[in-house]
Every structure is written in C-alpha cells, then in structure tokens.
Amino acid sequence: MSVKQVSIFLENSKGRLAEVTRILAREGIDLRALSLADTSDFGVLRIIVEDPDRCLAVLKDNDYVARVSEVVAVEVEDRPGGMSRILDVLDEAGLNVEYLYAFVAKAGKNAVVICKIDERERALSVLEAKGIRTISSEDLEST
Amino acid sequence: MIWNPDYETLPGEDLKRLQDERLGTLVDMLYRRVKFFRSKMDAAGVKLGEVRGIGDLARLPFTTKDELRSGYPFNLLAVDLREIVEIHTSSGTTGKPVVDAYTAGDLDTWAEAMARTLSAGGATRHDIVQNAYGYGLFTGGLGVHYGARRIGATVLPISGGNTKRQVELLRDFGTTILTCTPSYALYLAEALREEGLSPRDMGLRAGFFGAEPWSDTMRAEIQAKLGLAAYDIYGLTEIIGPGVAFECERQEGLHVNEDLFYPEIVDPATGRVLPDGQKGELVITTLTKQGTPILRYRTRDITYLDRSPCPCGRTTVRMHRLLGRTDDMLIVRGVNVFPSQIEEVILGIEGVEPHYQIIVDRRNQLDSLEVQVEMTEALFSDEIRDLERTEKLIESRLYGTLNIHSRVKLVEPKTIARSEGKAKRILDKRQI
Ligand SMILES: [Zn+2]
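These protein sequence lines are chains A and B, in that order.
Its first residue numbered -1, the first sequence is counted upward by one per residue in my numbering.
Its first residue numbered 2, the second sequence is counted upward by one per residue in my numbering.
Here it is, written out as structure tokens:
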C-alpha cells in the first residue's frame, strides 16, 4: 500500500517556502509531513496532507507547479536499527531509494518513513514479504 | 514548377559570370549618375575600373536605411524622372519614407521575380489568386498582382482587411491561392471557422505569406486550418518589394533571385563578410534595377545562406527564413547572440512553454548569459535530479547553437514579467 504525496516546485529564494505554507494554512490544509530538497536555484517541497487532490487544486489556483505522486510509507519501530533494517531489505532486492524522509504521525507513536522508489509495486511486495508493514493513506488518517 | 529555367537553373559558373557582368554595369551607372554613390565610392577609394565582379563587392561601401531616407524624395534616382512609371514608398513611420521608383523595365523585373515566386508554389494560369496584401504605396499588393498577371492567373485584388468580404470571395469564387501576411491568414482561418466553413468546403491549395516574420509552428497551424501549402516569401521596399526570395515546394529555405538581387551575409558589428552557413545580417545589391538601384543595402534582417543543391533543381542560393533583426542582437563575450536562436532552442524542448527571459550581466569584466525558463507541469518532477538534468539539457542545446556557455535557471510559473501578455525577453544589466 502506498501514500499520496504532493510535490511543489519552488524557487530557492527568500520567503517562497513561507508563502506556500501560508496559502495552505489559509485554506485549512494541515501538513502532516514536510520535506524540502533544494539546489542553489530551486527546491522541491514534498508534503503529506489529508486531502492531496484538494491541496493540488489550491496550489494550481495559486500558480504553483505541483503534482501528486504515490510513495511508499513504512512504519518504523522506535528502537535502534529500525530504519537500517528497512534500507537493508530494499538494498538486497536491488531497489534504489531516490529520497526519503521521516515524520511522527502522532505523539508517542512510531515514526513513518516516506520513500520514493522507482519500482514501487515491487518494493511494496518485498517489504510485505519481510514482514515490514507499509501503510496507506487511510492508515495515516486514522493514526 | 520553375517559371524561368534559363535563369533559375543556371549552372554556378554561368550565374557567376552574369552577376559579375551585371555588378560592373551597376557600379558604372551608379558612379556616373548618382552623386550620393559617387561620393561614397570616392570616400572608400574605389576606382571605377577596379570593380570587375562579385569578388570586388566587399570593397564597395554599404548603404543604410538612414542614407536612403536622406535621399528623399528623388536624390537617389539613377534615371531621369520621365523614365519613372510608378513609385512606392516604405511606411515612413519612423522618419522620412524610403522611395522606390520603378522604370517600365523595373516593373517588368518585378513581375518576373514574382512570377518565379508564385510558380515555385505551384501557381499557374488556372489559379484564382485572392490577393489580400494591401494595395497602395505598400509594395505587397501590387507586387503579387504583377506576378499573378504575368503567369496568367486570375487576380482578385481585394487588398487587406474587410474579412467578411474575404470569406465571401473564398467561398463563392473558389479561390485557389491566398496571399497575405501570415498573421492575417490565421485571422481569416478563424473567421472561416466561425462561418462554419472547413478547408474541405474551399478550393485553397497554396498560400504565399510574407512581410512579417513567422515560424514553422505557425506554418503548420496555417496549413492545417486552411488546407493549403503555406510558402514563405521575402522582399523589402528598399530593394523592390516582394520577389527577392521565395520557398520552393521543399519549404527548406528561400531561393534568392540572385541573378537580380545579390545577397551577402555580414557581421552586423564589423561589416565583415561571413562565409556561407554563418548567421549574420543580410546585405543585398540590386543587379539589374534601373530607377533606384542600390549597392550593398543593410537589411538588418538576420539569416544565413545555404549553397547546397536543392532537389527542386534551382541552382540559386537559399536563405534561411528570417531569424530576427540586428536591432535585437546581443554581443556576449564577443559572440553575436540572437534572441531568436535562444527561442528556437527553448521551444524545441518538449514541455517548455514560450516563457523565458535572457539576462546578460557582466561581473569581473566577464559577460554572463543566464536564461530563465518557467517551470511547467510537463517539465516538473518531484526528483531534484530530473530537474537538474532538464537544466543541463537546455544548457547543452544552447551551447550547441550559440557556441558560448549559458546558465539555465528554472523559475516558478508567471514570475517572468509580461507586457501585453508577452514575456519581456531580454534584460541587459551590463553597464558599459
Ligand atoms: Zn528548391
């Protein structure tokens, strides 16, 4: 199972990130997770929100270039080695992780790791086979 | 179809001999009859007997538009006014107009040049030519008119505008050939669509469009919407009007009527003659004109010449469709850069929209060229690597065309300032 992520193109200049978060807040869109990757010129903001489709519509209304894509979400036990086990499993299967970031869905609960993997379907079945639970958008909402 | 195979397919050596001869006669006549040209040749230290052919052309002085203006109205005539049978002028919107005075012989040459032009697009005496170029002092209307008459076609001299009437004639008279500016062709196509007429309801099969720059994208659109083959034609009032160069059925460059109008390409900054294939300013010498002949006229149009043989059989040199105007040229690190070259590269990349800006700056005595390109849905990826690859791709394509390095920067949509809906293309921040 996978999760929908919204990614947004931002220029790497002062105030751009604040601007987009302000717009989302105004529209009542809650950011469950946020990660910014950037170069000297530009950045890509990746966010997890409750209603990705509405979020996308809001962004487009405000002239942002954005898209929704499916990413793998894994719950990581809060103990040493929890994260590296997941990476080992993916590595052994020859799966390449383009990027990842983690967040805590709810205070006191396990962390959730978002991974962008090109062969998403295969990654999901490899993880399931090793008993690593992947989570869906619905799971996120209920956490 | 080739209207005049005797001249249009003349073997290279014969063509050169003809040009040499004609240039000799021209220089002789200009020196003897036009004070302006005599003074210029004297100043350049050119002696009459020394000009034996095209090989000596580079030694002769250029003529600029301002000089032609200063000859207003009749100072540049090479014949007595009695010999002049018709006069056209440029628009004169930015000063005194340029006067083009035609003898009966010049009108004959013009009709010949335009007959070649129309024939190259397949026009014959069986065609009905709807001529929607303006009639009047502007050369477009009568130039096409004389050419169409020469080949024996039926001319509808409707002139420009009056779109409702244009649509009626197109439909009722079974017009087969349309001549107008490319932008008016698109406008007409829209009007036809509103009337519920499709290309199949009309007999159009060819169109000759010029008097303003257009692109291959625009050609494709015109061809699809009007159901005709769209040919680019080139000419200018200062030389004769339309009829200087035209496309053949290959639509790969415009054949120059070089037995009549000799083309050179020069570096706009230095005036140095450039080899074939290099982009620069088009310079034209009229080889047979009688009323107002001109030596090495600086057109300010940017193009390049191609002498490779054309499958159509014509031996005349081809010029690429116009790439821009010298007025828009930038010199970056000593290299001439035309915004149109940058545009061509950018629009050739899938997913890019025509919103970009060229920023030239100078730091530590070194020019920098930055091209900002607005991000689009199609270009976007959630992976930084893909976006960097896009920047590198555009940079390497630009290098391939410009031969200098530029830096491409992806920017957010709608961040490039637009005036009247169009993006402002060039920002030169250098303080020189
Ligand atoms: Zn040809």
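Heads up, the beta-carbon is just placed ideally off N, CA and C, and yes, glycines get one too.
8 Å Cβ cutoff, residue i in contact with chain B
{"i": "Leu85 of chain A", "result": "no"}
{"i": "Leu29 of chain A", "result": "no"}
{"i": "Thr37 of chain A", "result": "yes"}
{"i": "Lys12 of chain A", "result": "no"}
{"i": "Ser160 of chain A", "result": "No statement about residue 160 of chain A is possible, as the shown extent of chain A runs from -1 to 141 and does not include it."}
{"i": "Leu8 of chain A", "result": "yes"}
{"i": "Ala77 of chain A", "result": "Before going further, note that residue 77 of chain A is Arg rather than Ala in the sequence given. It does not; no Cβ of chain B falls within 8 Å."}
{"i": "Phe40 of chain A", "result": "yes"}
{"i": "Val63 of chain A", "result": "yes"}
{"i": "Glu119 of chain A", "result": "no"}
{"i": "Lys2 of chain A", "result": "no"}
{"i": "Glu96 of chain A", "result": "yes"}
{"i": "Lys114 of chain A", "result": "yes"}
{"i": "Arg52 of chain A", "result": "no"}
{"i": "Arg44 of chain A", "result": "yes"}
{"i": "Ser33 of chain A", "result": "no"}
{"i": "Ser135 of chain A", "result": "no"}
{"i": "Ser67 of chain A", "result": "yes"}
Residue i beta carbon near ligand 1 (any heavy atom closer than 7 Å)
{"i": "Arg315 of chain B", "result": "yes"}
{"i": "Cys311 of chain B", "result": "yes"}
{"i": "His321 of chain B", "result": "no"}
{"i": "Cys249 of chain B", "result": "yes"}
{"i": "His256 of chain B", "result": "yes"}
Simplified DSSP state of residue i, which is helix, strand or coil
{"i": "Gly422 of chain B", "result": "Bear in mind that the predicted position of Gly422 of chain B carries a pLDDT of just 49, short of 50, making it unreliable; the figure below should be weighed with that in mind. Note: Gly422 of chain B maps to coil in three-state DSSP."}
{"i": "Ile178 of chain B", "result": "strand"}
{"i": "Leu237 of chain B", "result": "strand"}
{"i": "Leu56 of chain A", "result": "First, the residue type needs correcting, since residue 56 of chain A is Val and not Leu in the sequence shown. The answer is helix: DSSP assigns Val56 of chain A an H, G or I state."}
{"i": "Phe38 of chain B", "result": "helix"}
{"i": "Ile385 of chain B", "result": "helix"}
{"i": "Tyr103 of chain B", "result": "strand"}
{"i": "Ser160 of chain B", "result": "coil"}
{"i": "Gly25 of chain B", "result": "helix"}
{"i": "Ile347 of chain B", "result": "helix"}
{"i": "Arg299 of chain B", "result": "strand"}
{"i": "Val124 of chain A", "result": "helix"}
{"i": "Tyr62 of chain A", "result": "coil"}
{"i": "Asp81 of chain B", "result": "coil"}
{"i": "Pro50 of chain A", "result": "helix"}
{"i": "Tyr188 of chain B", "result": "helix"}
{"i": "Ile427 of chain B", "result": "strand"}
{"i": "Phe7 of chain A", "result": "strand"}
{"i": "Tyr32 of chain B", "result": "helix"}
{"i": "Lys415 of chain B", "result": "coil"}
{"i": "Tyr263 of chain B", "result": "strand"}
{"i": "Thr118 of chain B", "result": "helix"}
{"i": "Ile152 of chain B", "result": "helix"}
{"i": "Val52 of chain B", "result": "coil"}
{"i": "Lys17 of chain B", "result": "helix"}
In DSSP terms, what residue i is bridged to
{"i": "Leu324 of chain B", "result": "Note: Leu324 of chain B sits in no beta bridge, so no partner."}
{"i": "Lys2 of chain A", "result": "A:Glu68"}
{"i": "Ser33 of chain A", "result": "A:Arg44"}
{"i": "Asn132 of chain B", "result": "B:Thr180"}
{"i": "Cys113 of chain A", "result": "A:Val70, A:Leu98"}
{"i": "Ser369 of chain B", "result": "B:Asp362"}
{"i": "Pro6 of chain B", "result": "In DSSP, Pro6 of chain B forms no bridge with anything."}
{"i": "Gly281 of chain B", "result": "B:Thr304"}
{"i": "Arg319 of chain B", "result": "B:His256, B:Asp307"}
Within-8 Å CB hit, residue i to chain A
{"i": "Lys410 of chain B", "result": "yes"}
{"i": "Lys393 of chain B", "result": "no"}
{"i": "Ile359 of chain B", "result": "no"}
{"i": "Thr377 of chain B", "result": "yes"}
{"i": "Pro414 of chain B", "result": "yes"}
{"i": "Gly422 of chain B", "result": "With a pLDDT of only 49 at Gly422 of chain B, under the threshold of 50, the placement of this residue in the model should not be trusted, and no figure is reported."}
{"i": "Asp329 of chain B", "result": "no"}
{"i": "Glu389 of chain B", "result": "yes"}
{"i": "Phe381 of chain B", "result": "yes"}
{"i": "Glu371 of chain B", "result": "no"}
{"i": "Ile417 of chain B", "result": "no"}
{"i": "Glu384 of chain B", "result": "yes"}
Suppose only complete runs of 4+ residues qualify. What are the alpha helix (DSSP H) ranges in the region 191 to 246 of chain B, listed by chain order?
Within the region 191 to 246 of chain B, the complete alpha helix (DSSP H) runs of at least 4 residues are 217 to 227.
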